[in-house]
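A quick write-up on the structure given underneath.
Residue numbers (this note's numbering), protein chains in the order written: chain A, 1 to 101; chain X, 102 to 274.
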């Protein structure tokens, strides 16, 4: 069987057409952006760990130093009650000698 | 590469990338996956493209080619891309439209012949651009392209009008 010549081959090759890229490809590369409100509700952000640790330390320091100083508790003078005082039942005076020279 | 430059590159070359992948793999979904990976690689590593080494189109088609071959290797790791043992025989052309017969013939070619034929005939790349895309010497590309066309001339011989098997319009004589 005689093979095709160059022109015949070129003519036949042109008959095989390929489709254009589908619209879904565009959406896969450039997904539609969410509105600001939906981003606030469902969005995520990526934070580098060092930045996160630094922020946590700063917040902890800020909380620590911004607390109002607690005044030192001063003990109030207790009230004195005489209810437990009792009279001496047996008085035993002791005379200590040598008190006057 | 700014986002606007990326969008412009995508609009300019998405059809060529998709067409090439589609012709190589015979699957719309696989071609779309490959085309997505091609442009995502451009987004992630825009510095890989050097304008001094050739146009963006041939660079993107080169990435497409590598991704297609990688898929084939993943699917058939034992199969080597050799072209020495391919013997083209006239195809059976009595069924299906002529475009389908041509598609079948091109897809029967060994991958290394198929890719240079598609890049040359359908994407109209120069030999130099094809050589860069397929990472081969220009002489090798010329040789593969010549063998691919010779094989197709034999495979599609039944479609030659003087052979009387079938006219080019798909009717049996």
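By construction, the Cβ of each residue, glycine as well, lies at the ideal position given by its N, Cα and C atoms.
Collapsed DSSP secondary structure at residue i in the structure displayed
| i | result |
| --- | --- |
| residue 133 of chain X | helix |
| residue 240 of chain X | helix |
| residue 146 of chain X | coil |
| residue 52 of chain A | helix |
| residue 271 of chain X | The predicted position of residue 271 of chain X is uncertain, since its pLDDT is 49 and thus under 50; no value can be drawn from it. |
| residue 264 of chain X | helix |
| residue 44 of chain A | coil |
| residue 195 of chain X | coil |
| residue 222 of chain X | helix |
| residue 93 of chain A | coil |
| residue 20 of chain A | coil |
| residue 151 of chain X | coil |
| residue 140 of chain X | helix |
| residue 181 of chain X | coil |
| residue 67 of chain A | coil |
| residue 81 of chain A | coil |
| residue 257 of chain X | coil |
| residue 189 of chain X | coil |
| residue 2 of chain A | coil |
| residue 38 of chain A | helix |
is_contact[residue i, chain X] using C-beta, thresh 8 Å
| i | result |
| --- | --- |
| residue 3 of chain A | yes |
| residue 23 of chain A | no |
| residue 52 of chain A | no |
| residue 13 of chain A | yes |
| residue 61 of chain A | no |
| residue 58 of chain A | no |
Residue i, enclosing alpha helix (DSSP H) - first and last residue
| i | result |
| --- | --- |
| residue 160 of chain X | 157-176 |
| residue 10 of chain A | 6-13 |
| residue 208 of chain X | 199-209 |
| residue 214 of chain X | 212-218 |
| residue 108 of chain X | 104-126 |
| residue 23 of chain A | 23-29 |
| residue 234 of chain X | 228-235 |
Rounded Cβ spacing between residue i and residue j (contact assumed at less than 8 Å)
| i | j | result |
| --- | --- | --- |
| residue 224 of chain X | residue 162 of chain X | 6 Å |
| residue 166 of chain X | residue 216 of chain X | 6 Å |
| residue 202 of chain X | residue 194 of chain X | 5 Å |
| residue 137 of chain X | residue 29 of chain A | 6 Å |
| residue 6 of chain A | residue 261 of chain X | The Cβ separation is near 12 Å, so there is no contact. |
| residue 116 of chain X | residue 21 of chain A | 5 Å |
| residue 222 of chain X | residue 13 of chain A | 5 Å |
| residue 159 of chain X | residue 230 of chain X | 4 Å |
| residue 189 of chain X | residue 102 of chain X | That belief does not hold up - the Cβ atoms of residue 189 of chain X and residue 102 of chain X are roughly 43 Å apart, past 8 Å. |
| residue 168 of chain X | residue 144 of chain X | The pair is not a contact, with the Cβ atoms about 15 Å apart (cut-off 8 Å). |
| residue 218 of chain X | residue 249 of chain X | 4 Å |
| residue 200 of chain X | residue 17 of chain A | 7 Å |
Beta carbon proximity, residue i to chain A, threshold 8 Å
| i | result |
| --- | --- |
| residue 191 of chain X | yes |
| residue 61 of chain X | With chain X represented from 102 up to 274, any question about residue 61 of chain X goes unanswered, as that position is not in the structure. |
| residue 243 of chain X | no |
| residue 113 of chain X | no |
| residue 260 of chain X | yes |
| residue 204 of chain X | yes |
| residue 226 of chain X | no |
| residue 199 of chain X | yes |
| residue 207 of chain X | yes |
| residue 272 of chain X | Bear in mind that a pLDDT of 43 at residue 272 of chain X, under 50, signals an unreliable position, so the model cannot answer this. |
| residue 253 of chain X | yes |
| residue 116 of chain X | yes |
| residue 246 of chain X | no |
| residue 257 of chain X | yes |
| residue 233 of chain X | no |
Exercise for the section: With 8 Å as the limit, tell me which residues of the region 212-224 of chain X have their beta carbon closer than that to any beta carbon of chain A; keep them in chain order. Expected result: 222 and 223
Problem - Under 8 Å (Cβ pairs) to chain X, residues found in the region 18-43 of chain A - result: 18, 19, 20, 21, 22, 24, 25, 26, 28, 29 and 30
Handout entry: Interface positions of the region 143-173 of chain X facing chain A (Cβ-Cβ less than 7 Å), listed along the chain
Key = none
Practice task
Scan the region 118-139 of chain X for residues whose Cβ lies nearer than 7 Å to a Cβ of chain A and list them as they occur along the chain.
Solution key: 119, 120, 123, 124, 133, 136 and 137
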